[in-house]
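Participant:
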Amino acid sequence: MDRGTNDELLAEFGVSRDLVLQWTVVSTVGMLVSLVGFLFVYYLVTGDATVTEFGFDETAGWWNLGLTFLFVMGSMALVIVVHELCHGAAIRAFGGTPRYGLGVVYAVFPYAFATTDTRFTRNQFLVVALAPLVLLTGIGVPVMIAFEWPWLAVPLALNAGGAVGDVWMALTLLSYPADVSVVDSETGLEVYGLPGIERWETAPATVVWDLVVGTAGGVLMLAVVIGVLTPIALAALGVDSLTIGVPDTLLFVFGFLRTPDGGVEFSMGSGVFLVGGAVGIVYAYVRARRRTA
1331 MDRGTNDELL AEFGVSRDLV LQWTVVSTVG MLVSLVGFLF VYYLVTGDAT
1381 VTEFGFDETA GWWNLGLTFL FVMGSMALVI VVHELCHGAA IRAFGGTPRY
1431 GLGVVYAVFP YAFATTDTRF TRNQFLVVAL APLVLLTGIG VPVMIAFEWP
1481 WLAVPLALNA GGAVGDVWMA LTLLSYPADV SVVDSETGLE VYGLPGIERW
1531 ETAPATVVWD LVVGTAGGVL MLAVVIGVLT PIALAALGVD SLTIGVPDTL
1581 LFVFGFLRTP DGGVEFSMGS GVFLVGGAVG IVYAYVRARR RTA
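The sequence shown stops at residue 1623 when you use the working numbering, and every number in between is there.
Take a look at the structure:
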């Protein structure tokens, strides 16, 4: 796309420390939720309940754990390559020439990228950004079900979790009108358009991102508190049992029980996600209020 004679740089978005933290939290929770979601879809279609059972018993040797780790690492490497090639294919479809590379943000967040110097319309860039998530999910899920390969849920979940930066870029651009143009700067975006065009700070897409960040942060924080700190505290205080929520329902949050032999058992339920969702709604509301203040 050629730059218009009256176009000017409207905004430049880079990767900040706060954004890296948001990406990390959303990516971690998103990958776990996606894994459960893909396996649940597989179970609904095939009726194979074994895919919902996780864990290792005492008969599982160290090599079993090692193979699982190698499978996850291998899947991650393969997903990264295919993910970036999808970006590259979309770039070529709109007349660009992709470049590929690796980098590290703030020495803690490694990333791979496919970029180009070509300027795209907003909608073209949305296609480029979301191509890996849409294509690999759209192809992978039917293949997983048709060939009864539940293990495909792992690379599919890794791809979904790894698309957090792509989703952020898409939601950011949706707060601008369709007639702006976009240039990828590897770790950010440059948005060009006619003078006077402003970002819609309370656009639905912006609120959605705040909701996602708040929910993911709430779920992760709650999981750490009730999955690690709370059992330790209850055991130290000598509590025999504690239940939060309604057992055997979607409202179950946490259960703690001291066993007759002096041990403890604890569990978390889907209510954690409901509480996380409530935190996300509050976070999104507060952010929206601050933008309009």
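Idealized CB from N, CA, C, for every residue including glycine. This one's a predicted model, so the numbers in the text were calculated from it and none came from an experiment.
Does the beta-carbon of Pro1428 have 16 or more other beta-carbons within 10 angstroms, so that it is buried, or is it exposed?
Facilitator: Position 98 of the sequence shown holds residue 1428. By the 10 Å Cβ count, Pro1428 comes out buried.
Participant: According to DSSP, is Arg1429 part of a helix, a strand, or is it coil?
Facilitator: In the sequence shown, counting from the first residue as 1, residue 1429 sits at position 99. Strand.
Participant: Within the same chain, show all residues whose beta-carbon is closer than 7 Å to that of Asn1453, passing over the 5 residues directly before and after it, in chain order.
Facilitator: One-based indexing of the sequence shown puts residue 1453 at position 123. Counting only Cβ-Cβ distances below 7 Å, and skipping sequence neighbours, we find Ala1508.
Participant: In terms of alpha-carbon separation, which member of Gly1426, Gly1433 and Leu1456 lies closest to Asp1447?
Facilitator: As a working note, residue 1447 is residue 117 in the sequence shown. Looking at the Cα atoms, Gly1426 is the closest of the given residues.
Participant: Give the straight-line distance between the Cα atoms of Gly1418 and Pro1472, rounded to the nearest whole angstrom.
Facilitator: As a first step, residue 1418 must be located in the sequence shown, where it is residue number 88. As a first step, residue 1472 must be located in the sequence shown, where it is residue number 142. Whole-angstrom Cα-Cα distance: 23 Å.
Participant: Going by DSSP in three states, Pro1440 sits in which element: helix, strand or coil?
Facilitator: Residue 1440 sits at position 110 when you count from the first residue of the sequence shown. It is a strand residue.
Participant: Measuring CA to CA, which of Ser1511, Ala1500, Ala1553 and Phe1582 is closest to Ala1533?
Facilitator: On the sequence shown, position 203 is the one that residue 1533 refers to. Looking at Ser1511, Ala1500, Ala1553 and Phe1582, the one whose alpha-carbon comes closest to that of Ala1533 is Ala1500.
Participant: Tell me, please, whether the region 1395–1415 touches the region 1512–1532 by the rule of three or more beta-carbon pairs shorter than 8 Å.
Facilitator: no
Participant: Gly1468 to Gly1404, Cα distance in whole Å?
Facilitator: Taking the sequence shown and counting its residues from 1, one reaches residue 1468 at position 138. Taking the sequence shown and counting its residues from 1, one reaches residue 1404 at position 74. Each residue's Cα considered, the two are about 21 Å apart.
Participant: So what's Thr1622 in DSSP terms, helix, strand or just coil?
Facilitator: To locate residue 1622, count along the sequence shown from 1; it is residue 292. Three-state DSSP puts Thr1622 in a helix.
Participant: Buried or exposed, going by whether 16 or more other CB atoms sit within 10 Å of the CB of Asp1348?
Facilitator: Mapped onto the sequence shown, residue 1348 falls at position 18. Taking every protein chain shown into account, the CB of Asp1348 has fewer than 16 other CB atoms within 10 angstroms, so this residue is exposed.
Participant: Who are the Cβ neighbours of Phe1477 in its own chain at under 7 Å, not counting the five residues just before and after it?
Facilitator: Position 147 of the sequence shown, counting from 1, holds the residue named residue 1477. Taken in chain order, the list of residues that qualify is empty.
Participant: Could you check how far apart the C-beta atoms of Ala1565 and Val1594 are, in whole angstroms? I think they sit under 8 Å.
Facilitator: Working through the sequence shown from its first residue, we reach residue 1565 at position 235. Working through the sequence shown from its first residue, we reach residue 1594 at position 264. About 5 Å separates the two Cβ atoms, so the contact holds.
Participant: If you compare alpha carbons, which of Leu1432, Val1434, Leu1415 and Val1484 is closest to Val1458?
Facilitator: Your numbering for residue 1458 matches position 128 in the sequence shown. Of Leu1432, Val1434, Leu1415 and Val1484, the residue nearest in Cα terms is Leu1415.
Participant: Starting from the N-terminal side, write out each stretch of the alpha helix (DSSP H) that is 4 residues or longer and does not extend beyond the region 1494–1535.
Facilitator: Every unbroken stretch of the alpha helix (DSSP H) spanning 4 or more residues and falling wholly within the region 1494–1535 is given here in chain order: 1494–1503.
Participant: Return the first residue and the last residue of the alpha helix (DSSP H) that Ala1490 is part of.
Facilitator: For the purposes of this step, residue 1490 is taken as residue 160 along the sequence shown, with counting starting at 1. Per DSSP, Ala1490 belongs to the alpha helix (DSSP H) from Ala1483 to Gly1492.
Participant: Mapping DSSP to helix, strand and coil, what is Gly1585?
Facilitator: Position 255 of the sequence shown, counting from 1, holds the residue named residue 1585. Looking at Gly1585 - three-state DSSP - the assignment turns out to be strand.
Participant: Can you find at least 3 beta carbon pairs, one from the region 1512–1519 and one from the region 1571–1588, that sit closer than 8 Å?
Facilitator: Flag = no, the region 1512–1519 and the region 1571–1588 do not touch.
Participant: For Val1609, which residues in the same chain have their Cβ closer than 6 Å to its Cβ, ignoring the five residues on either side in sequence?
Facilitator: Against the sequence shown, residue 1609 aligns to sequence position 279. Within the same chain, Val1609 has close Cβ partners Gly1544 and Gly1548.
Participant: Look at the alpha carbon of Val1345 and the alpha carbon of Thr1398, and state the distance between them as a whole number of angstroms.
Facilitator: Within the sequence shown, numbered from 1, the residue matching residue 1345 stands at position 15. Within the sequence shown, numbered from 1, the residue matching residue 1398 stands at position 68. In this structure, the CA atom of Val1345 is about 33 Å from the CA atom of Thr1398.
Participant: Name, in chain order, the residues that DSSP records as bridge partners for Thr1573.
Facilitator: Numbered from its first residue, the sequence shown carries residue 1573 at position 243. The partner list for Thr1573 (beta bridge, DSSP) reads Gly1585.
Participant: Could you have a look at Phe1368 and say whether DSSP puts it in helix, strand or coil?
Facilitator: As a working mapping, residue 1368 is identified with position 38 in the sequence shown. If DSSP states are grouped into helix, strand and coil, Phe1368 belongs with the helices.
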